[in-house]
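Student:
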Amino acid sequence: MDRKKIGLPPLDWLRVFEAAGRLGGFSAAAREFGLTQAAVSQRIGNLEAWLGRSLFVREARGVSLTVEGESYLPLVQESLAALERNTEELFGKAPRELRVAGLGSHVNALVIPHVAGFRQRHPRVRLVTDSVARRSSLDEERTWLQIRFGRGAWPGREAGLIAPEVLAPMAMPGMDWGAPVIELRGERPGWQDWCRVTGQPEVAPAMLSVDSMEHALTAARLGLGIALGSLPLARNLLRAGQLRRLDLPEMTTRDGYWLTWPDERVQSRKLKALIGDFLETLKAAD
Numbered sequence: 001m002d003r004k005k006i007g008l009p010p011l012d013w014l015r016v017f018e019a020a021g022r023l024g025g026f027s028a029a030a031r032e033f034g035l036t037q038a039a040v041s042q043r044i045g046n047l048e049a050w051l052g053r054s055l056f057v058r059e060a061r062g063v064s065l066t067v068e069g070e071s072y073l074p075l076v077q078e079s080l081a082a083l084e085r086n087t088e089e090l091f092g093k094a095p096r097e098l099r100v101a102g103l104g105s106h107v108n109a110l111v112i113p114h115v116a117g118f119r120q121r122h123p124r125v126r127l128v129t130d131s132v133a134r135r136s137s138l139d140e141e142r143t144w145l146q147i148r149f150g151r152g153a154w155p156g157r158e159a160g161l162i163a164p165e166v167l168a169p170m171a172m173p174g175m176d177w178g179a180p181v182i183e184l185r186g187e188r189p190g191w192q193d194w195c196r197v198t199g200q201p202e203v204a205p206a207m208l209s210v211d212s213m214e215h216a217l218t219a220a221r222l223g224l225g226i227a228l229g230s231l232p233l234a235r236n237l238l239r240a241g242q243l244r245r246l247d248l249p250e251m252t253t254r255d256g257y258w259l260t261w262p263d264e265r266v267q268s269r270k271l272k273a274l275i276g277d278f279l280e281t282l283k284a285a286d
C-alpha cells in the first residue's frame, strides 16, 4: 500500500482495529460495537489506506494480524487506555454503582452488616453483591472488585486488609469445654495447631468433620460441638448470642480477609476514593 495520509487516524477506526485485533476477528469486533461485519471491514480498510500498510491478512477461514498489525496493536491499546483514564480523571462523574463479589459466607459476614454505614457515606451509590460458590471461581468472576481470603498477594491485583483471621473456640450457649470438637478441613490451622500454639492439652479426635468455616459455625450453633471458629465470620452470631466464645486463648493466623481489585481497573481518583471509603467501612469496628 502507498502511504496516503500522515498524522492521527480517526478515533473510530482505531477503536475498531483494537477490538478486531484483541478479539481475533472482524465478526467479534462487529458484535462488540453493534456494527455489521462489512462496516468493521470498511473502517479497517480505511485505516490501512490512511497508514499505507496492511494490518490484517484476509483468508478464507478468517483474519490474522500482519507483522505491522501486531506491532501497532499494543500502541493503540495503550493510547486508548490512557485517553480513557485521563478523560475520566478530568470529566468523569462519581460512580453510581459499586459491585463486589465473594463467597456467600464472606459477603454475609463482612459486607451486609456494614451496608448502612456505607449508605451514610454514599447515599446515592447502589451497592450490588455477587456470590460465588467456590474461591477458585473468583479468577473467572466478571465482577472485578472481590473479597478474598489469603495473605494479600494475588498477581495483578491490589489488596486492602479488611480483617486478619483470628480463630477461637466457640460453641452454643450452655456448652462448655470438654464437649466434642468439630474438625474443619482445609488450609486454616486446626485443633492440633491451636493446642501447640496455646499450650493446651490435646483434644480428643473429632467425630464431625466439615470442609468450610460456614458449616463449622452452623454445626456449633446447633449444638453439635465446639468449633475453632473465625472471629471475623462469627461476629454476627456472637453478637446475637447464637454462639459464645469459650474462656480459652485465641490464635491469630497468617491469613486474612481482603478487598481486592485489578490494578488496571481502578484509575480515576473518584473510583479510588469510593473503593477506599468502602474498605474503611468494612474495617470499621462494630
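Just so you know, we're using full-length UniProt numbering here: the sequence shown kicks off at 1 and counts up by one. All C-beta atoms, glycine included, are put in the ideal place defined by N, C-alpha and C.
Using only the alpha-carbon positions, how far apart do D176 and R245 sit?
Tutor: Roughly 10 angstroms between the two C-alpha positions.
Student: Which ranges does the beta strand (DSSP E) cover as unbroken runs of at least 3 residues, wholly within the segment 49-130, from first to last along the chain?
Tutor: DSSP runs (the beta strand (DSSP E)) wholly in the segment 49-130: 56-59, 62-65 and 97-103.
Student: On the criterion of 16 or more Cβ atoms from any shown chain inside 10 Å, does A234 qualify as buried, or is it exposed?
Tutor: Buried: at least 16 other Cβ atoms inside 10 Å.
Student: Leaving out the 5 sequence neighbours to the left and right, which residues in its chain are closer than 7 angstroms to R221 when beta-carbon positions are compared?
Tutor: Correct list, in chain order: M172, L237, Q242 and L243.
Student: For P169, count neighbouring Cβ atoms within 10 angstroms of its own Cβ and tell me buried if that reaches 16, exposed if not.
Tutor: By the 10 Å Cβ count, P169 comes out buried.
Student: Might you give, ordered along the chain, the residues of its own chain that have their beta carbon closer than 7 angstroms to the beta carbon of A153, omitting 5 neighbours on each side?
Tutor: Excluding residues within five positions, none has a Cβ falling inside 7 angstroms.
Student: Give the DSSP-derived three-state secondary structure of W258 in the structure shown.
Tutor: Residue state, collapsed to three classes: strand.
Student: Mind pulling the alpha helix (DSSP H) runs of 4 or more residues that sit fully within the segment 176-208?
Tutor: DSSP runs (the alpha helix (DSSP H)) wholly in the segment 176-208: 191-198.
Student: Using 8 angstroms for Cβ pairs, my map puts W258 next to I162. What's the rounded Cβ distance?
Tutor: Yes, W258 and I162 are in contact; Cβ-Cβ is about 6 angstroms, under 8 angstroms.
Student: Using the rule of at least 16 other Cβ atoms within 10 Å of the residue's Cβ for burial, across every protein chain shown, is V115 buried or exposed?
Tutor: When all chains shown are included, V115 counts as exposed.
Student: Provide the residue(s) that pair with E158 in DSSP beta bridges, ordered along the chain.
Tutor: W261, per the DSSP bridge assignment.
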